[in-house]
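Residue numbers (our numbering): 19 to 377.
(1) Figure out for me which residue from 352, 374, 224 and 142 has the closest Cα to the Cα of residue 168.
(2) For residue 127, name the three-state secondary structure that DSSP assigns.
(3) I think residue 202 touches residue 326, with their Cβ atoms under 8 Å apart; what is that distance to the nearest whole Å?
(4) In the DSSP assignment, the beta strand (DSSP E) including residue 314 goes from what residue to what residue?
(5) Quick one: measure Cβ to Cβ for residue 328 and residue 178, integer angstroms, because I've assumed they're closer than 8 Å.
(6) Look up residue 279 in the DSSP assignment and say whether it is helix, strand or coil.
(7) Let me check understanding here. Comparing Cα to Cα, which of 287, 276, 216 and 279 lies closest to residue 263?
(8) Please work out which residues of its chain come closer than 7 Å, Cβ to Cβ, to residue 372, disregarding the five sequence neighbours upstream and downstream, and give them in chain order.
(9) With distances taken Cα to Cα, identify the nearest neighbour of residue 261 among 285, 354, 239 and 246.
(10) Using the C-alpha atoms, what's the distance from residue 306 back to residue 358?
(11) Please classify residue 199 as buried or exposed, where buried requires at least 16 neighbouring CB atoms within 10 angstroms.
(12) For the alpha helix (DSSP H) containing residue 271, list its first residue and its last residue.
(13) Just the C-alpha distance for residue 118 and residue 341, rounded to the nearest angstrom, thanks.
(14) By Cβ distance below 6 Å, which residues in the same chain neighbour residue 236 in space, the five residues on each side in sequence not counted?
(15) Under 7 Å: does the beta carbon of residue 183 sit that close to some heavy atom of the ligand COA?
(16) Report the option in 347, 339, 122 and 156 whose CA atom is closest to the CA atom of residue 129.
(17) Extract the residue ranges of the alpha helix (DSSP H) inside the region 135-171, only unbroken runs of 4 or more that lie entirely within it.
(18) Check residue 238 in the structure and name its three-state DSSP category.
(19) From the DSSP secondary-structure annotation, give me the bridge partner or partners of residue 356.
(20) Pair every Cβ in the region 265-273 with every Cβ in the region 308-315, then say whether three or more of these pairs are closer than 8 Å.
(21) Using only CA atoms, which one of 193, 192, 183 and 252 lies nearest to residue 215?
(22) Could you tell me whether the Cβ atoms of residue 184 and residue 323 are closer together than 8 Å?
(23) Expressed to the nearest angstrom, what Euclidean distance is found between the alpha-carbon atoms of residue 374 and residue 220?
(24) Report the residue ranges of all beta strand (DSSP E) runs contained in full by the region 175-216; include only those spanning at least 3 residues, in chain order.
(25) In chain order, what residues of the same chain lie with their CB nearer than 8 Å to the CB of residue 334, ignoring the 5 residues before and after it?
(26) Are there three or more Cβ pairs, one per stretch, closer than 8 Å when the region 240-249 is compared with the region 269-277?
(27) Taking the Cβ atom as the reference point for each residue, do residue 152 and residue 94 lie within a distance shorter than 8 Å?
(28) If you drop the 5 nearest sequence neighbours on each side, which residues of the same chain put their C-beta closer than 7 Å to that of residue 276?
(29) Measure the Cβ-Cβ separation of residue 189 and residue 350 and say whether it is below 8 Å.
(30) Alpha carbon to alpha carbon, how far is residue 299 from residue 191? Give it in angstroms, no decimals.
(31) Where does residue 243 fall in DSSP's three states?
(32) Quick check: what's the CA-CA separation for residue 102 versus residue 133?
(33) Within this structure, are the beta carbons of residue 295 and residue 316 separated by less than 8 Å?
(34) Using a Cβ-Cβ distance under 8 Å, would residue 257 count as near chain D?
(35) Quick one: grab the DSSP three-state call for residue 232.
Given below as structure tokens:
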């Protein structure tokens, strides 16, 4: 009996020991599996590696593939002016509104060129030195400065409000830009502006043309303007200015010999538009312009582009490029939606009826 008890005791001890060893083996296996789930180099079995659950766990342990890509845009504007400010505001708003849906986190480094070539060049060189992901340049001189500074780099440039990108030397083919630059043009329908002038002031037979001959965009517009006026048998007198200080004297000279004036999208004249408009109002003569902001500053009327839409369009082009579309596949775009804008106060002051177009 005692021997039987002894044997039974031995068997129970062996069973207990086997049970303990089995439990320890299970704990060891569980620990290894958990570790493999968090170890990207994993020593997992082939069956675990091929299971969907294992793939899901491994994927979640990796960096989030949807994390926004951080990019910096150097934004340069020729100078502070209502038209250019309107473009910039629209660009910033569109970039901020659409960054997340494009998988981007955008930082905008904005600087004004103060209408000074050396300042523009310094800013653009700084952008290149900072290795920004893209440069957006508002107005022709700013775009030309950006193109020069970024030459030989892969930094894309998107310009806005460049009237004639080909004449400005920025692109050779508007449909397929060959370099690292594209953008939007605010090319204006001069024939529509003069058709409006003929409707509002049919007695006008001669125009005074004022612009800065150093601005490529202005020269381009004036060439089209003179060709159109020649085709209509209308006469014109030109006056060029080199600085805002020249505008008042030039305006007085033109107003003394012409029935009306025309101002293109010229940054120099725009800076002194209120002075020019005041001279014209005193002379009771209309000033037709190529931009709505110049009408707001005292011009009589225009058929011009909407600069908010232009800025939005520019930002959308930049987003395409930042998300992988080659610059060569982003054609230069010309805004087609033009609107008639009139200044009712100016019209009343010089005795012109614009009620048909007044809001």
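By construction, the Cβ of each residue, glycine as well, lies at the ideal position given by its N, Cα and C atoms. Note that the structure is a prediction, hence the values are computed from the model and not measured.
Quick look at the numbers:
(1) Answer by Cα proximity: 142.
(2) Taken through DSSP and simplified to helix, strand or coil, residue 127 comes out as strand.
(3) Going by Cβ atoms, the distance from residue 202 to residue 326 rounds to 12 Å, so no, they are not a contact pair.
(4) Per DSSP, residue 314 belongs to no beta strand (DSSP E); it is in the alpha helix (DSSP H), 310-314.
(5) 6 Å between Cβ atoms; contact.
(6) Residue 279: strand per DSSP, three-state reduction.
(7) The residue among 287, 276, 216 and 279 with its C-alpha nearest the C-alpha of residue 263 is 287.
(8) Excluding positions up to five away in sequence, the list reads 218, 319, 360, 362 and 365.
(9) Of 285, 354, 239 and 246, the residue nearest in Cα terms is 285.
(10) Each residue's alpha carbon lies about 11 Å from the other.
(11) Residue environment: residue 199 is assigned as buried (16 or more neighbouring CB atoms within 10 Å of its CB, all protein chains considered).
(12) 265-273 is the span of the alpha helix (DSSP H), which, as asked, contains residue 271.
(13) Going from the Cα of residue 118 to the Cα of residue 341 covers about 12 Å.
(14) The beta carbon of residue 236 lies closer than 6 Å to those of 229, 230, 282 and 284 in the same chain, with the five residues before and after it left out.
(15) The ligand COA is not part of the structure shown, which contains no ligands of any sort.
(16) Comparing Cα positions, the closest option is 156.
(17) Inside the region 135-171, DSSP marks whole alpha helix (DSSP H) runs of 4 or more residues at positions 135-147 and 158-167, from first to last along the chain.
(18) Residue 238 falls in the helix class under three-state DSSP.
(19) Answer is 323, bridged to residue 356.
(20) Touching, no.
(21) If we check each option's Cα against that of residue 215, 252 comes out closest.
(22) Cβ distance not < 8 Å, so residue 184 and residue 323 don't count as in contact.
(23) Rounded to whole angstroms, the gap between the alpha carbons of residue 374 and residue 220 is 15 Å.
(24) Complete beta strand (DSSP E) runs here, min 3: 175-178 and 199-203.
(25) Once the five neighbours on either side are set aside, the close Cβ partners of residue 334 are 112 and 116.
(26) In short, these stretches do not touch, since the Cβ pair count stays below three.
(27) With contacts defined as CB atoms closer than 8 Å, residue 152 and residue 94 fail to qualify as a contacting pair.
(28) Excluding residues within five positions, the ones whose Cβ falls inside 7 Å are 224, 225, 226 and 255.
(29) For the 8 Å CB-CB criterion, residue 189 and residue 350 form a contact.
(30) Take the alpha-carbon of residue 191 and the one of residue 299: they are about 42 Å apart.
(31) It is helical.
(32) For residue 102 and residue 133, the distance between alpha carbons rounds to 12 Å.
(33) Yes, the pair counts as a contact, with Cβ atoms nearer than the cut-off.
(34) Absent from the structure is chain D; it holds one protein chain and no more.
(35) Assignment of residue 232 by DSSP, reduced to helix, strand and coil, places it in the coil class.
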